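So the sequence shown is numbered by my numbering: it starts at 121 and just counts up by one.
Ideal placement from N, C-alpha and C gives every residue a C-beta, glycine not left out.
What you are looking at is a predicted structure, and each value in this text was computed from that prediction instead of being measured.
To keep things clear, I will list the structure first and then write my remarks on it.
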Amino acid sequence: MIDNYLLEELVTFKKYGTLAATAQHLLVTQPTVTRGMQKIEEELNVQIFDRQPNRISLTKTGELAAQEAQKVIDQNNTFIETVQKYDYNHKNIRVGSVAPGPLILLSHLDSQLSNQNINLADKLIDPQVVTDELLNQNYSFILTNQEIMTDKIESRFIGTEKLSVNLNQFTLLANKKSVSFNDLKGLSFIVLSDIGIWKKITESHIPDAKFLYQDQYEAFREITKYSDFPYFTTNISKLDRDLKFGDHDQVNVPINDDASKVDFYATYLKTQKDRIAPVLKALSLAWSKISE
Numbered sequence: 121m122i123d124n125y126l127l128e129e130l131v132t133f134k135k136y137g138t139l140a141a142t143a144q145h146l147l148v149t150q151p152t153v154t155r156g157m158q159k160i161e162e163e164l165n166v167q168i169f170d171r172q173p174n175r176i177s178l179t180k181t182g183e184l185a186a187q188e189a190q191k192v193i194d195q196n197n198t199f200i201e202t203v204q205k206y207d208y209n210h211k212n213i214r215v216g217s218v219a220p221g222p223l224i225l226l227s228h229l230d231s232q233l234s235n236q237n238i239n240l241a242d243k244l245i246d247p248q249v250v251t252d253e254l255l256n257q258n259y260s261f262i263l264t265n266q267e268i269m270t271d272k273i274e275s276r277f278i279g280t281e282k283l284s285v286n287l288n289q290f291t292l293l294a295n296k297k298s299v300s301f302n303d304l305k306g307l308s309f310i311v312l313s314d315i316g317i318w319k320k321i322t323e324s325h326i327p328d329a330k331f332l333y334q335d336q337y338e339a340f341r342e343i344t345k346y347s348d349f350p351y352f353t354t355n356i357s358k359l360d361r362d363l364k365f366g367d368h369d370q371v372n373v374p375i376n377d378d379a380s381k382v383d384f385y386a387t388y389l390k391t392q393k394d395r396i397a398p399v400l401k402a403l404s405l406a407w408s409k410i411s412e
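Structure, rendered in structure tokens:
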């Protein structure tokens, strides 16, 4: 078996073309690279280098060897990554979501699930890649707006997230029991940048609206607290500790369109079902209490 470091030297030489550049990139001496090139040629028992005075290059066979070496390196990296992910996922429960609300609720269950080693993803997931993320074992389960059932993956309904709008108490709309997306036509909203699937829903359903996206939580909180700009919350996101919605003066008005209500599912590999069952049970119960 050829050592991995020799394969890396061969691939690096193919990329940079000289022993000096190869050595510099690998942070070794040029004689070390020279010895490595000789050793790999001996191991293969074929000529892969064309040696000329003051110059060395790959033969056609050497070009092929470098291509195959890259494949072996990639396979080794995949092997290591797969084993590490498997080990991590059997010691931790990594959770992703296509919207922030479900993760906010899950973060409120810290004390109940302290023995589960739960890790919440920092970034929201594109719904289109949920299946791939699960099959690649990047997550133990993903909270998504689509029910996925395959030979390897299944989904469990967790709860419904409902969108509402927070309006200045002196506006006519604030006196209504509920509003439609069309009622909000032409308004300008303050919105957190990373709201996942809710971004497409609000942008596509409210005519002629303007959305002033904010990357920073603190800026969003200050603007929504001290300005008249309307902003969105849901029955789940209002629990966000960082935003402290309780000290705002705006009136919270439900939105009554069908598109303002999204069903969420915990989607996971069937092999993870037993392990994540206590987390899903606690999450579903907490969600149902909020919806009562």
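Using 8 angstroms for Cβ pairs, my map puts L178 next to A186. What's the rounded Cβ distance? If you number the sequence shown from 1, residue 178 lands on position 58. If you number the sequence shown from 1, residue 186 lands on position 66. Contact holds; Cβ gap of about 6 angstroms.
Nearest residue (CA-CA) to T202, options W318, D394, E253: By 1-based counting over the sequence shown, the position of residue 202 is 82. Closest option to T202, Cα to Cα, is E253.
Pick out whichever of T322, D123, K134, E183 has its Cα sitting closest to the Cα of I160. Your numbering for residue 160 matches position 40 in the sequence shown. I160 has its Cα closest to that of D123, out of T322, D123, K134, E183.
Could you check which residue in Y333, T154, W407 has the C-alpha nearest to that of Y351? In the sequence shown, the residue the question calls residue 351 occupies position 231. Selected option, being the one with the closest Cα: Y333.
Compute the Euclidean distance between the alpha carbons of Q144 and G156, then round it to the nearest angstrom. Within the sequence shown, numbered from 1, the residue matching residue 144 stands at position 24. Within the sequence shown, numbered from 1, the residue matching residue 156 stands at position 36. Roughly 14 angstroms between the two C-alpha positions.
Applying the 10 Å Cβ sphere with the 16-neighbour rule, what's the burial state of S380? Against the sequence shown, residue 380 aligns to sequence position 260. Under a 10 Å Cβ-count criterion, S380 is classified as buried, with 16 or more other Cβ atoms of the shown protein chains found around its own Cβ.
Residues near V192 in its chain [Cβ-Cβ closer than 7 angstroms; skip 5 each side]: Counting from 1 along the sequence shown, the entry for residue 192 is found at position 72. L127, listed in sequence order.
Segment contact flag, the region 387 to 406 with the region 199 to 219, C-beta cutoff 8 angstroms, min 3 pairs: yes
Enclosing alpha helix (DSSP H) for P220 [first to last residue]: To locate residue 220, count along the sequence shown from 1; it is residue 100. It spans 220 to 227 - the alpha helix (DSSP H) in which P220 sits, taken as one unbroken run.
G279: buried (16+ other C-beta within 10 angstroms of its C-beta) or exposed? Residue mapping note: residue 279 aligns to position 159 of the sequence shown, counting from 1. G279 is buried by the Cβ-count criterion.
Could you check whether the region 214 to 229 touches the region 343 to 358, counting it as contact only if at least three pairs of C-beta atoms, one from each stretch, sit closer than 8 angstroms? Touching, per the Cβ criterion.
Would a C-beta distance cut-off of 9 angstroms place E119 and K393 closer than the cut-off? Summary: the structure shown does not reach residue 119, with the chain confined to residues 121 through 412, and so no result is reported for it.
Would you please verify whether the beta carbon of T322 is less than 9 angstroms from any beta carbon of chain C? No chain C appears in the structure shown, which is made up of a single protein chain.
Rounded to whole angstroms, how far is the Cβ of V373 from the Cβ of V285, which I believe are closer than 8 angstroms? Position 253 of the sequence shown, counted from the start, is the residue given in the question as residue 373. Position 165 of the sequence shown, counted from the start, is the residue given in the question as residue 285. V285 and V373 do touch by the CB rule: their CB atoms are close to 6 angstroms apart, below 8 angstroms.
Quick one: which unbroken alpha helix (DSSP H) runs of 4-plus residues sit fully inside the region 158 to 214? Chain order, please. 180 to 209
For D328, which three-state DSSP category applies? Reading the sequence shown from its first residue, position 208 is the one you call residue 328. DSSP places D328 in coil when its eight states are reduced to three.
Per the DSSP calculation, E274 is bridged to which residue(s)? Indexing the sequence shown from 1 puts residue 274 at position 154. E274 is bridged to Y388.
Compute every distance between the C-beta of D303 and the non-hydrogen atoms of the ligand NAD, then say whether any falls below 8 angstroms. Absence of the ligand NAD from the depicted structure is noted, as is the absence of any ligand whatsoever, leaving it without description.
So the candidates are I315, Y388, T391; which of them puts its Cα closest to the Cα of D242? In the sequence shown, residue 242 corresponds to position 122, counting from 1. Here the closest residue by C-alpha is I315.
Beta-carbon spacing of R226, L244 below 9 angstroms: To locate residue 226, count along the sequence shown from 1; it is residue 106. To locate residue 244, count along the sequence shown from 1; it is residue 124. In the sequence as displayed, the identity of residue 226 is Leu instead of Arg. No.
From L283, D328, N295, pick the residue whose C-alpha is nearest to that of L429; which is it? A question about residue 429 goes unanswered here, because the residues of the chain that appear run from 121 up to 412.
Residues bridged to Q334 by DSSP? Numbered from 1 along the sequence shown, position 214 holds the residue referred to as residue 334. Q334 is bridged to L312.
Alpha carbon of S404 to alpha carbon of L146, nearest angstrom: Mapped onto the sequence shown, residue 404 falls at position 284. Mapped onto the sequence shown, residue 146 falls at position 26. Rounded to the nearest angstrom, the two C-alpha atoms are 51 angstroms apart.
Which residues does DSSP pair with P374 in a beta bridge? Here residue 374 refers to the residue found at position 254 of the sequence shown. Answer is S284.
Own chain residues within Cβ distance below 8 angstroms of S347, not counting five before or after: Stepping through the sequence shown from its first residue, residue 347 is reached at position 227. If we look at S347 and ignore the five residues flanking it on each side, its Cβ neighbours are I310.
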